[in-house]
Amino acid sequence: AQILFEAAETSRKVNVSTFINILTTRSGPQLSKTFQNYAAISDITLPKALQMDLKGDIEECLIDIVKCAWNTPAFFAEKLCHAMKGVGTRDRTLIRILVSRSEVDLKKIVEEYQAMFGRSLQDDIVADTKGEYQKVLLGLCGAQ
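Using the numbering used here, the first residue of the sequence shown is number 46, and each one after it goes up by one.
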């Protein structure tokens, strides 16, 4: 946590290579503990520190790694919401997340979605899809 703090907040520019090294070589539990310790020594969150100094693809990539390691169900709930937001559905994103997480932690993601957005994932799927495709997605999500 101290190394990340120094890489993000004590110099004029974020030390990207330090972030890449730590975020790509540590386990989920190690990262989670690191982020907790970071929160204890910093006035701002790690994603906010990254947003302040980074832009573009590297910013998105590092922030996604942090968000996923910090709270995996919330990370995927946010991605699902964005996949159905606005005009059109980002079907590849929707399918990829629902299928890949269906036997891992999809139930937790469904619960987190409800907590974060105040509506059920199933209701948003019904509003955004139709037909057999909708039935398959709802089947993956499970009953409300």
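Virtual Cβ for every residue (Gly too), placed ideally from N, Cα, C.
Start and end residues, alpha helix (DSSP H) containing residue i
{"i": "I108", "result": "102-115"}
{"i": "K93", "result": "91-98"}
{"i": "G184", "result": "176-186"}
{"i": "Q189", "result": "Note, Q189: premise wrong, no alpha helix (DSSP H); not H, not E."}
Euclidean distance between Cα positions of residue i and residue j
{"i": "G131", "j": "D173", "result": "10 Å"}
{"i": "Y83", "j": "A94", "result": "11 Å"}
{"i": "L182", "j": "C106", "result": "27 Å"}
For residue i, the three-state DSSP class (helix, strand or coil)
{"i": "N82", "result": "helix"}
{"i": "D150", "result": "coil"}
{"i": "A53", "result": "helix"}
{"i": "V61", "result": "helix"}
Residue environment, residue i, which counts as buried when at least 16 other CB atoms sit within 10 Å
{"i": "E157", "result": "buried"}
{"i": "A128", "result": "buried"}
{"i": "I110", "result": "buried"}
{"i": "R146", "result": "buried"}
Within 7 Å, strictly: CB atoms of residue i and residue j
{"i": "I108", "j": "F121", "result": "no"}
{"i": "A53", "j": "T79", "result": "no"}
{"i": "L76", "j": "A119", "result": "no"}
{"i": "F162", "j": "C186", "result": "no"}
{"i": "V149", "j": "L99", "result": "no"}
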